[in-house]
Amino acid sequence: MITSRFGGTVQSVHVMDSSGSNSYDITLGFDDAKQYCSNTEHPYFGAIIGRVANRIAKGEFQLNGKTYHTPINEPAPEGGNDTLHGGFVGVDRRVWTVTKNGTNAATLRLESADGDQGFPGQRDVAVTYTLLETDADDAGADGAGVAAAAATTTTWWIDYEAKLPANSDVDTVNSR
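Just so we're aligned, residue 3 is where the sequence shown starts under the numbering used here, counting upward by one.
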């Protein structure tokens, strides 16, 4: 697994085929890491998106009786005149801090300040990408108890965590 600090982007994940003889990159993205930074069309390949993973209609929302305005980065007529995935400089366009980088796991962190892209409350965000390989089922592919010699199963876990500071005045528990 290759992860970039820019946007917390997963650039490639290689897995072996069922015979164990060929490795394949199963991610959709760019071969050159520089393309993630310079691509004006910004397809969000492998990136962490946020603070919102969707659109905010007309770049406006209410939280606890207060109206917030976020940047319109999906303008009409191509888009719906909305904020898409957190704005022009969402978490996908930030440099994350790598706090753990191992063979099969990586953890990245980012602090997003109160008011960042119009969003309320400071957020401390972490994502951990983990690849776990386990032996194939003992029953084997033919179901007759003949196990495939090199068969393994790879599971890709993505764990997200976002925290508000204890002294935050943003109440997301009681929001509708």
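We put the CB at the ideal spot given by N, CA and C, even for glycine.
- Cα atoms of residue 114 and residue 124: separation of roughly 6 Å, rounded to the nearest angstrom.
- Annotation note: the stretch 30-79 contains the following uninterrupted alpha helix (DSSP H) runs of length 4 or greater, listed N- to C-terminal: 36-40.
- Nearest C-alpha to residue 168 among 48, 126 and 157: 126.
- Within the same chain, and ignoring the five residues on either side of residue 159 in sequence, the residues whose Cβ sits closer than 6 Å to its Cβ are 132.
- Where residue 103 is concerned, the enclosing beta strand (DSSP E) starts and stops at 99-103.
- For residue 125, the enclosing beta strand (DSSP E) has its first and last residue at 125-137.
- By the 16-neighbour rule on beta-carbons within 10 angstroms, residue 13 is buried.
- Bounds of any beta strand (DSSP E) do not take in residue 172, whose DSSP letter is neither H nor E.
- One alpha carbon belongs to residue 165, the other to residue 34, and they sit about 33 Å apart.
- The residue among 136, 134, 121 and 163 with its C-alpha nearest the C-alpha of residue 172 is 121.
- Checking the DSSP bridge columns, you'll see residue 85 partnered with 58.
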